[in-house]
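Read through the structure below, which is laid out as structure tokens, and then see the notes.
In the numbering used here, the protein residues as written are 23 to 194.
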């Protein structure tokens, strides 16, 4: 912080100020000086000001040092950059884990589809997932169960037909 003593017009009183301060910040504070009776904090485009009336039409101003503001902005930028990098690493890991889970479900669904295309109904697929891929796995499982049921019915019907043919040919 820097200290500046200003008159009621906002001009710096010579010899009563210390440190570096922005003339722009002082200019931004001038409209607030008229009629100021107690301490006031003013946010300007050039930093924060604390204005305190000290009597005799003069005001004590505490101004944020532009060098310290630059330092604060730099530290915030570095902190934000580190946070961004960490967030990207965490998000990347999460995406990597999700893609691995999704690819495993898709791989099992593809294997079951290949077995189905070859006519292998010996193993019903067990694909479990709580998302859209799980819906695909459930529909594939239901397809297997339906085909197994239909195959059993056709086999039973074929057995009945074979018995009837045997009876018919045995009668002749």
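All C-beta atoms in this analysis are idealised placements derived from N, C-alpha and C, irrespective of residue type, glycine included.
Residue i, DSSP secondary structure in three states
i	result
residue 80	strand
residue 149	coil
residue 69	strand
residue 28	strand
residue 97	helix
residue 58	coil
residue 63	strand
residue 184	helix
residue 85	strand
residue 34	strand
Burial state of residue i (16 or more Cβ within 10 Å)
i	result
residue 157	exposed
residue 148	exposed
residue 78	exposed
residue 95	exposed
residue 37	exposed
residue 85	buried
residue 106	exposed
Close Cβ partners of residue i (< 8 Å) along its chain, the five nearest in sequence each way excluded
i	result
residue 166	134, 138, 143, 146, 147
residue 162	131, 134, 135, 138, 147, 149
residue 30	55, 56, 79, 80, 81
Beta-carbon separation (whole angstroms), residue i vs residue j, contact threshold 8 Å
i	j	result
residue 83	residue 59	No, residue 83 and residue 59 are not in contact; Cβ-Cβ is about 16 Å, not under 8 Å.
residue 61	residue 72	7 Å
residue 35	residue 28	7 Å
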